[in-house]
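Heads up: the structure comes next, in structure tokens.
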Amino acid sequence: MKKDNLIELAKKMIVAPSCYIGLKEAGQNWLDAIGTDGEKDAAQKLIAEIEADITDIDGLVAFAHSEIPAQMFGVEDAKKFAAHADELKASGAKFCDCIACLAGLEILKNKALILD
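The numbering of the sequence shown is the working numbering, which starts it at 40 and goes up by one.
This is the structure in structure tokens:
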């Protein structure tokens, strides 16, 4: 993977509806800092924020079975979301599979490219 790929992943991550606001800000700050003296610091903050915000599978299942998804998506879509979370856990997944989490996990796997 190249740094350009990580830039594209960060862009996808921060526009994902499921992306936490703190992660959006850290991602945008890193994108804005690329090529400046503040790039490494912004990259370190982005990595720390991704590590804090990635949703593990148990957190996803707990959230999916709470009342919040019904308020967000409606009852029928909340049931589908909960079923998806259960299926994901049963398949052996360790983390949420939303766009923000998937992009964040890929950035973490390749963090050396942005921390150098």
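Note that the Cβ used here is the ideal one computed from N, Cα and C, for glycine as well. Everything numeric in this text was worked out from a predicted model, so none of it was measured.
Residue(s) in a DSSP beta bridge with ASP95:
For this step, residue 95 is matched to residue 56 along the sequence shown. Paired residue(s): PHE134.
Have a look at ALA65 and ALA81 and give me their C-alpha separation to the nearest angstrom.
The residue given as residue 65 occupies position 26 in the sequence shown. The residue given as residue 81 occupies position 42 in the sequence shown. Roughly 7 Å separates the two Cα atoms.
At what residues does the alpha helix (DSSP H) containing ILE53 begin and finish? Looking up residue 53 in the sequence shown gives position 14. Start and end: 42-54.
- Task: Look up ASN149 in the DSSP assignment and say whether it is helix, strand or coil.
- Result: If you number the sequence shown from 1, residue 149 lands on position 110. Correct three-state label for ASN149: coil.
(Q) Given this structure, state the Cα-to-Cα distance separating SER57 from ASP136, to the nearest angstrom. (A) Translated into positions along the sequence shown, residue 57 becomes position 18. Translated into positions along the sequence shown, residue 136 becomes position 97. Those two C-alpha atoms are separated by around 10 Å.
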